[in-house]
Amino acid sequence: MLSALGIIGCFVVFAIVLYVAYIPTAPGVATTSTMTPEERKALLHEVRGKARQEAERYRWIDRDNGVVGLPLDRAVELTIRDLAESGEGS
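The following block contains the structure:
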């Protein structure tokens, strides 16, 4: 009886390992290696557009705590001003 449980346990462990090993290579998830050049170019354009939008506009990051995202140019201006006022930028 104990050996039968051991054999069943081995099969269960083997099935779990096989399942976990299969998940990362499961088909159906589009990766950049399976995309056509046109699809990769469209994805790059979309990602760069989102990054540009985030860098060029004001936005709430955490409204409850009053955290605001600044446009990159404005953040640089404020940082330079703060460093000049504190004397650390010299």
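Residue numbering for the sequence shown follows the numbering used here, beginning at -11 and increasing consecutively. We put the CB at the ideal spot given by N, CA and C, even for glycine.
Per DSSP, the continuous beta strand (DSSP E) segment holding Ile49 begins and ends at Arg47 to Asp50.
Gly57 carries a strand assignment under DSSP once its states are collapsed to helix, strand and coil.
Annotation: the continuous alpha helix (DSSP H) that includes Glu27 extends over Pro25 to Ala43. If the five residues before and after Arg45 are omitted, its C-beta is found closer than 7 Å to the C-beta atoms of Pro59, all from its own chain and listed in chain order. A distance below 8 Å separates the beta carbons of Gly57 and Arg47.
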